[in-house]
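Keeping their order, the protein sequence lines are chains A and B.
Sequential numbering from 1 applies to the first sequence in full-length UniProt numbering.
Sequential numbering from 1 applies to the second sequence in full-length UniProt numbering.
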Amino acid sequence: MSFVRRNLVLLLGLLVLVYMYIPNVIVALMSFNDSSHARNLYRFQSFTWDNWLHPCRPDGMCAAVGKSVEIGLLATLVATVLGTLAAFALVRHRFHGRGSMNIVLFLPMASPEIVMGSSLLALFVATGFGGRLGFWTILIAHVMFCLSFVVITVRSRLAGLDANLEQAAMDLYATEFQTFWRVTFPLVFPGILGAALLAFSLSFDDFIITNLNAGQTVTFPMFVWGAAQRGVPMQVNVVGTVMFLIAIAVVVSGEVLSRRRAKGLVA
Amino acid sequence: MSSVADAPAGGRDLCLTGLRKEYPNGFVAVQSLDLEIPRGSFFALLGPSGCGKTTTLRMVAGLETVTAGSITIGDQDITHEKPYRRPVNTVFQNYALFPHLSISENVAFGMRRRGVKDVKGPVADILELTELTEQANKRPAQLSGGQQQRVALARALINRPEVLLLDEPLGALDLKLRRAMQLELKRIQTEVGLTFVHVTHDQEEAMTMADTIAVMNAGVIEQLGSPTELYENPATTFVANFLGQSNLIGGSVVGVEGGADGQVKVDMEGTVVSIPVERAHTANTVGTKGWVGVRPEKVLIAPAGEPIDAPGNHMTGAVIVDSSFIGVSTQYVVRMPWGREMLAFEQNTGARGVLAPGTKVDVSWRPEFAFLLDSSQDIDAGLGEA
Ligand SMILES: Nc1ncnc2c1ncn2[C@@H]1O[C@H](COP(=O)(O)OP(=O)(O)OP(=O)(O)O)[C@@H](O)[C@H]1O
Ligand SMILES: [Mg+2]
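Printed below as a string of structure tokens:
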């Protein structure tokens, strides 16, 4: 009993971890499921490499993944650049209406996706893009809802940055440009990276807004949704596992990089 | 960067002329400052919190715009120069070390920006000088307060600026470390021979370290001089109270004897005392009111009727109201016949025991130790601000 009491925090932590990672483990397991002769697709039948060797077998799945990655990368790039610039403006410059900026930023995050999606659709139709829904309208929508998250993530990082550091750099002969690249950017970078990862994952798995503004274009979440009616192909689990591994790789390498930077190995 | 390389060896004088800073909210933090800081000197800017010390330093460093006046180094006007083009480096009040860089990269930062190729040697040397060699590969967050302070110093010193600005660099350290670092800083300054402008609100720190002290109050320089000049001959009640302690007693001039090295006779509550002319900071005409000042350790007391070893200003009829034994000295509070109290510090030479409260005493001091201040100044200026 006393063992439990002493390690309560640890046990709780482990439980939370298990709770959080069980879905990923299941997905990884299912990616090795041989479902070719099965009637119940949601039960593990027998082990196979087949899904991993032929991930693109289900019709249209790889095209959908490609579309999602393409949109995700582009939306992340645009939202991260714009959002970072906006965050700098918000923290560094005093201007009229700076106070009400908070509400403006939070509203898109707080409003239900279905509302945002349908109003966007209404906007596209009203401005004559109703017949041309597809890649570009999805991209515009994704940039829009990612932007708030980027601004808020980068802004909090930037607000925590000691303004004296930049002045110290200038005092030590760094020009404005060098000060930005040598001091400001490295210190804000973890925030920007976090914001970009968040933006990508938001974009990659968005269904509601995308579905409303997609026209004939099919993204990965839309493919899974459609396939689910007939039974999800096991290759979806392969994609899920790969995405999860990539996310882990990015986080780990970010951590390693910042430690090496800390030791002064990377100037 | 050319301005750094072109600087003649040994540096040049720093000159502030009519320097003024008005913040955008209309607050005037510095009013028309005139200062000449000779090259190679250890100059202290001393004043209470909020008097404009940091603002002045930041203007010299180029981190704050100048409202009026000019800043020159030698004959080079740097008033509107960018901070990275000034031959000046700063040790910030909170150090401002780069958290993402190692100690050696922090120290090398300035040299790298100036395009120096080989920084290894100089960095090793300066780390040696500041006893940080062991810490070279650590990050600022892994160091103690005293070590961080030395990194901040090393990071600025390595550039051999013509003027090094130090903004209360020892403020965050405990008393013992602070005393040690004061000696250390003084040693380094003597060794490298750069001009140090050291900002502090600690009068003891300023007096132990500086060649010249400028006492600043509410955006103006009250007085400028060597530590002994300021202490022995303060020109204002603020300096008299802020730098050490002073007895200030109201009086009026009754006569002047002799010329420039003569004496001003002042009637102080019925006793006439004399004060050397060069220590009288008032209009020396009969009837002028002023504050007669004398430092507590210059005031001698003896039980009534016993002789005192001080020719000159002699007063009888005082009573001890409090005596506190400090070890090296005894501090007496003495009520004078006219009702006001005076402080007297006496060295414990062993010649006499501690006098008990209630003892009737005579009070005296040598005339050359007294000073006379303008009566329009607040008698309590500078009290409780140190
Ligand atoms: N950006 C600003 N805008 C308006 N007033 C300011 C600003 N910065 C400082 N002040 C005011 O200017 C005065 C001088 O400030 P400064 O920082 O120079 O004081 P200081 O002498 O360095 O004090 P301390 O010993 O506490 O560091 C203070 O009264 C302060 O409130
Ligand atoms: Mg200050």
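Using N, Cα and C, we set each Cβ at its ideal position, and we do this for glycine too.
If you're wondering where the values come from, they're calculated on a predicted model, not measured in any experiment.
Ala199(A) classed as buried or exposed, judged by whether at least 16 other C-beta atoms fall within 10 angstroms: buried
Hey, would you say the C-beta of Glu205(B) is under 8 angstroms away from at least one heavy atom of ligand 2? no
So, helix, strand or coil for Met1(B), using DSSP? With a pLDDT of 36 at Met1(B), under the threshold of 50, the modelled position of this residue cannot be trusted; read the value that follows with caution. Reduced to three states, the DSSP call for Met1(B) is coil.
Range covered by the beta strand (DSSP E) that runs through Leu373(B): 371-374
Measuring from the CB of Phe106(A), is there a heavy atom of ligand 1 at a distance below 8 angstroms? no
If we count Cβ pairs, one from each stretch, closer than 8 angstroms, do we get three or more for the region 61-70 of chain B versus the region 214-225 of chain B? no
Asn284(B) versus Val266(B) - alpha carbon distance: 10 angstroms
Grab me the residues of Trp52(A)'s own chain with a C-beta within less than 8 angstroms of its C-beta, minus the 5 sequence neighbours each way, in chain order. Ser31, Phe32, Val238
How many angstroms separate the CA atom of Met207(B) from the CA atom of Thr228(B)? 8 angstroms
Please classify Ile71(B): does DSSP put it in a helix, a strand, or coil? strand
Identify the contact partners of residue 281(A) in chain B, using a Cβ-Cβ distance below 9 angstroms as the criterion. Because chain A is modelled from 1 through 267, residue 281(A) falls outside the range shown and cannot be assessed.
Leaving out the 5 sequence neighbours to the left and right, which residues in its chain are closer than 6 angstroms to Ser376(B) when beta-carbon positions are compared? none
Selected residue, minimal CA-CA separation from Phe106(A), among Gln178(A), Arg259(A), Phe145(A): Phe145(A)
Please confirm whether Thr90(B) has its beta-carbon closer than 9 angstroms to some beta-carbon of chain A. yes
Have a look at the DSSP bridge pairing and note the partners of residue 388(B). This structure cannot settle anything about residue 388(B), because the visible part of chain B is limited to 1 through 386.
Contact set between Tyr23(B) and chain A, taken where Cβ atoms lie within less than 8 angstroms: Under the 8 angstroms cutoff, chain A gives no residues; its nearest Cβ is about 14 angstroms from Tyr23(B).
Under 9 angstroms between C-beta atoms, does Leu153(B) make it to chain A? no
Over the uninterrupted alpha helix (DSSP H) stretch that includes Phe223(A), give me the two end residues. 220-228
His198(B) lies in the beta strand (DSSP E); which residues open and close that run? 195-200
Could you name the residues of the region 46-76 of chain B whose beta carbon sits closer than 7 angstroms to any beta carbon of chain A, in the order they occur along the chain? Ala61, Leu63
Using beta carbons (cut-off 9 angstroms, strictly below), is Leu132(B) in contact with chain A? no
Given Val125(A) as reference, the closest of Val115(A), Ile114(A), Thr137(A) once Cα atoms are compared: Thr137(A)
In whole angstroms, what is the alpha-carbon distance linking Trp291(B) and Ser252(B)? 8 angstroms
Whether Gln153(B) touches Ala168(A) by CB criterion (9 angstroms): Looking at the sequence itself, residue 153(B) is Leu, so the reference to Gln does not match. Contact: no.
Can you tell me the Cα-Cα spacing of Pro8(B) and Thr130(B), whole angstroms? Confidence at Pro8(B) is low in this model, with a pLDDT of 43, below 50, so its placement is unreliable and the value that follows should be read with caution. The alpha-carbon atoms of Pro8(B) and Thr130(B) are separated by roughly 25 angstroms.
Count the other C-beta atoms from every protein chain shown that fall within 10 angstroms of the C-beta of Ala267(A), then say buried if there are 16 or more, exposed otherwise. Residue placement at Ala267(A) is poorly supported in this model, since its pLDDT is 39, which falls under 50; the coordinates still yield a value, given next. Classification of Ala267(A): exposed, given that the 10 Å Cβ count is below 16.
Among Ala344(B), Lys289(B), Pro24(B), Trp338(B), nearest to Tyr332(B) - alpha-carbon criterion: Ala344(B)
Using a Cβ-Cβ distance cut-off of 9 angstroms, determine whether Arg113(B) contacts chain A. yes
Helix, strand or coil, according to DSSP, for Ser32(B) in the structure here? strand
Beta carbon of His201(B) nearer than 9 angstroms to that of Pro357(B): no
Give the list of continuous alpha helix (DSSP H) stretches no shorter than 4 residues that lie fully inside the region 203-242 of chain B. 203-209, 227-232, 237-242
Of all the residues that make up the region 143-173 of chain A, which are near chain B by a beta-carbon distance shorter than 8 angstroms? Asp162, Asn164, Leu165, Gln167, Ala168, Ala169, Met170, Asp171, Leu172, Tyr173
To the nearest angstrom, how far is the alpha carbon of Phe180(A) from that of Leu85(A)? 13 angstroms
Option in Thr133(B), Gln148(B), Lys360(B), Gly110(B) with minimal Cα separation from Glu166(A): Gly110(B)
Name the residue from Ile320(B), Leu248(B), Asn233(B) whose alpha carbon lies nearest to the alpha carbon of Ala381(B). Leu248(B)
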